[in-house]
Structures are given as structure tokens and as C-alpha cells.
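All letters in the sequence shown, in the order written, are residues 854 to 951 by the numbering used here. Positions of the beta carbon are idealized from the N, C-alpha and C atoms, including for glycine. It should be emphasised that the depicted structure is a prediction, and the values quoted were computed from it without experimental measurement.
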Amino acid sequence: MAKKGYLVSAYRSIKDPDAVAAYAKLAGPALQAAGARFLARGVPQHTYEAGLKERMVVVEFPSVAAAVACHDGAAYQAALKVFNHAAERDFRIIEGLE
């Protein structure tokens with residue numbers, strides 16, 4: 854059985870909040886259609902070390918392959934076009950421990 858995949862997005866700054874909101878309207882359904890489950894999203898309650906008090910998103914996928922396929926798929930790529938560098942963020946897909 855494949856280990857779960859996690860998409861982790863840590864925003865560093867947001868230049869265009871309207872574009873980020875428009876992106877979210879497309880990205881959320883694209884992720885959910887690919888089997889994603891949102892575990893956390895929003896502004897951190899506490900930050901430590903080099904943490905920024907900017908938006909964070911943690912999404913669980915059935916596998917890393919499913920997360921990558923979603924990211925590279927047409928629906929999410931359409932959302933990224935709307936995003937159009939509206940924010941600076943650290944965006945990663947990692948494999949879960951189980």
C-alpha cells in the first residue's frame with residue numbers, strides 16, 4: 854500500500870489577495886476532485902523560529918503520485934494561471950510516514 858502524500862504550502866507574502874481568492878475557488882475543487890482532503894488552512898495561531906504569520910495549507914492525498922498528478926493536471930494548472938504569482942510561497946509535496 855502506498856504511503857499518503859501531503860501538499861504543504863507556506864505563504865511568505867501575498868501581493869494580490871483578490872487573485873489568491875480567485876485561485877482558491879478553482880484550486881480547492883481541483884484538489885478535492887483528485888482525492889485530496891484539507892487538513893489545515895489559514896493563518897498560523899503561533900509562529901516560532903523563522904515562521905511567518907502568513908497563510909498555510911496542508912492537504913492529504915492518497916499517495917505522492919496522486920498529489921503530483923493533481924498538481925500537474927489541467928484543473929490545477931488552470932488555477933495556477935489565475936494565481937499568476939499573486940503570492941510568494943513555499944510549495945512542497947512530501948511522503949507521509951504511513
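- Around the beta carbon of Leu-950, fewer than 16 other beta carbons lie within 10 angstroms, which makes this residue exposed.
- For the pair Ile-946 and Leu-860, the CB atoms are nearer than the 8 Å cut-off.
- Closest by C-alpha distance to Gly-858, out of Tyr-929, Phe-936, Asp-943, Ala-918, is Ala-918.
- Collapsing the DSSP output to three states places Tyr-929 in a helix.
- The three-state secondary structure of Tyr-876, taken from DSSP, is helix.
- Looking only at Leu-879, Gly-881, Glu-907, Ala-877, the smallest Cα-Cα distance to Ile-867 is reached by Glu-907.
- Leaving aside the five residues that flank Thr-900 on each side, the residues in its chain whose CB is nearer than 7 Å to its CB run, in chain order, Lys-906.
- Secondary structure at Val-896: coil, using DSSP grouped into helix, strand and coil.
- By the beta-carbon neighbour count (other beta carbons within 10 angstroms, threshold 16), Ala-920 is buried.
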